[in-house]
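Chemist: To start, I am sharing the structure in question, which I have written as C-alpha cells.
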Amino acid sequence: MNVVRWGMIGCGSVAERKSGPAFYKAPGSALVAVMGRRLEAVTDYAARHGIARTYTDVDALINDPEVDAVYIATPPDSHHAYSLKVAAAGKHCCVEKPMALNAGQSREMQRVFADAGLHLFVSYYRRSLPRFQQVRQWLQQGRIGEVRHLSWTLTKAPSPKDLDGSANWRTDPAVAGGGYFADLASHGFDLFQYLLGDIVEVAGFTARQAGLYAAEDAVSASWRFASGALGMGCWSFVADRREDRVEIIGSQGRIGFSVFDEHPVELHADEDISLEIPHHDHIQWHHVLGMNAQIRGESRHPAVAAEALKTDWVMDQILKRH
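full-length UniProt numbering applies: residue 1 is where the sequence shown begins, and numbers increase by one.
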C-alpha cells in the first residue's frame, strides 16, 4: 500500500486546517472521500479541498471500497459507535481526541480493533510534534537529572459564546464527556505520559464557579507517575486571562514549555537553552505521516488506542466519570 486512502467523517473546524489538508498533502496519503450531515457543508468542503467523493451517510463512506482507513473528526459522543462500524468494515481508523466519552467505551474500541488485527489511532498528535520531541530528547539524555515534579497551569477567560449561552458542544458533558477540561487537558495528560511514563494514581476536584454552562469550568488535580515523580495541575476557563505553562522539575535542572501556545521550549540545567520550534501549518502533519507508516508496516506510531486509554482513565478519575 504505497498510498493510504483515507475517508473522513466530519468536516468542521478541526478538519479545515489542522487535520484535513494533512491527509491529502502528506506524502503517501490521500483523502478520497468526506462525509457530513449537511449536503451543502460537505459539498463546499470537498470543492475547496479537492476531494472527489462526498457522502451524507456515514455507512456509505465507511463501506466505500476505495477507502482504506477512516478518520473520525466528530465530537466524542459519536466516536464509539462510528469506530465500531469502521472495525466491522475491516478498515483502520483514527478518532479525534478525547477517544470517547469514558474509558469504558474506549476500552471496547481498543479491544475490537486489536481482535480484528486493525490499527486504531487517536489524534494525540502532540506526541509527534518536533517541539515535544525536543523535550523528550532532553529528558532521555538526563539533562535535568531525575524528574521530581511536573506542574501545569492552563487558564483562559470566558469566550463571548460562553457568556451569551450559545450552543457549544465542548461544554455539553453529554457530547464532550465534560467541558473544556475534557477537551484540552486530555492533550496534556497524554503528552505527559509520553514524556514521563504512566500515571498510576490521581485525584482531583471540579467546580462550576461561574455557572455559565453545564460542564465544569474549574479543575485542580494531583497525580503520581510510576517513576515516583509527582504532578499537579490547575485549569480555569473562567479566569482573568490566558496562561499555558508547564514546568518539569528535576534533580539537576528544569524544562519549561506550553502545551498549546507556541512559546519557546526552555532548558535550565548545566546551560540555559531557549528554542523557538514552530508548528507545521497543518498541525497533524507528523501524526498523519506516522499513522500511514504504521499502516504500511514501516514503523510504529506512538498515538495509538492503547496509549490513549491511559489518559481516559486519568480523566475518569478526575471527573468522576463512569
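Yeah, the Cβ is synthetic: ideal placement off N, Cα and C, and Gly gets one too.
Model, not experiment: these values are computed from the prediction.
1) Taking the alpha helix (DSSP H) that residue 290 belongs to, which residues open and close that run?
2) Measure the beta-carbon distance from residue 220 to residue 233 and round it to whole angstroms, keeping in mind my assumption that it falls under 8 Å.
3) Which residue's Cα is closest to the Cα of residue 68: 37, 5, 292, 95?
4) Leaving aside the five residues before and after residue 272 along the sequence, list all residues of the same chain whose C-beta is less than 8 Å from its C-beta, in chain order.
5) Runs of 4 residues minimum, wholly inside the stretch 58 to 144: which ones carry the alpha helix (DSSP H) assignment?
6) Could you please give the first and the last residue of the uninterrupted alpha helix (DSSP H) stretch that includes residue 192?
7) Per DSSP, which residues does residue 5 bridge with? Please list them.
8) What does a CB cutoff of less than 8 Å around residue 191 pick up in its chain, not counting 5 residues either side in sequence?
9) Just grab the DSSP bridge partners of residue 256 for me.
10) Where do the ends of the beta strand (DSSP E) carrying residue 224 lie?
11) Starting from the Cα of residue 279, find the closest Cα among 12, 7, 18 and give me that residue.
12) Apply the 10 Å Cβ neighbour rule to residue 322 and answer buried if 16 or more other Cβ atoms are within range, or exposed otherwise.
13) Quick check: residue 110 and residue 303, are their CB atoms within less than 8 Å of each other?
14) The beta strand (DSSP E) spanning residue 318 covers which residue range?
15) When you compare only the Cα positions, how much space is there between residue 167 and residue 175?
16) Going by alpha carbons, who is nearest to residue 269 out of 15, 254, 293, 299?
17) Would the stretch 198 to 206 count as touching the stretch 94 to 112 if we require 3 or more Cβ pairs under 8 Å?
18) Grouping DSSP H, G and I as helix and E and B as strand, with all else coil, what is residue 14?
19) Within this structure, are the beta carbons of residue 196 and residue 151 separated by less than 8 Å?
20) Tell me the DSSP secondary structure of residue 42 in three-state form.
21) Using the C-alpha atoms, what's the distance from residue 290 back to residue 299?
22) Out of 75, 73, 37, 7, which one is the CA nearest neighbour of residue 52?
Modeler: Per the coordinate set shown:
1) 285 to 295
2) 7 Å
3) 5
4) 266
5) 58 to 62, 79 to 88, 103 to 116, 130 to 140
6) 186 to 196
7) 30
8) 124, 126, 127, 132, 259
9) 247, 266
10) 218 to 225
11) 18
12) exposed
13) no
14) Segment 305 to 319 is the alpha helix (DSSP H) holding residue 318; no beta strand (DSSP E) there.
15) 12 Å
16) 254
17) no
18) helix
19) no
20) helix
21) 8 Å
22) 7
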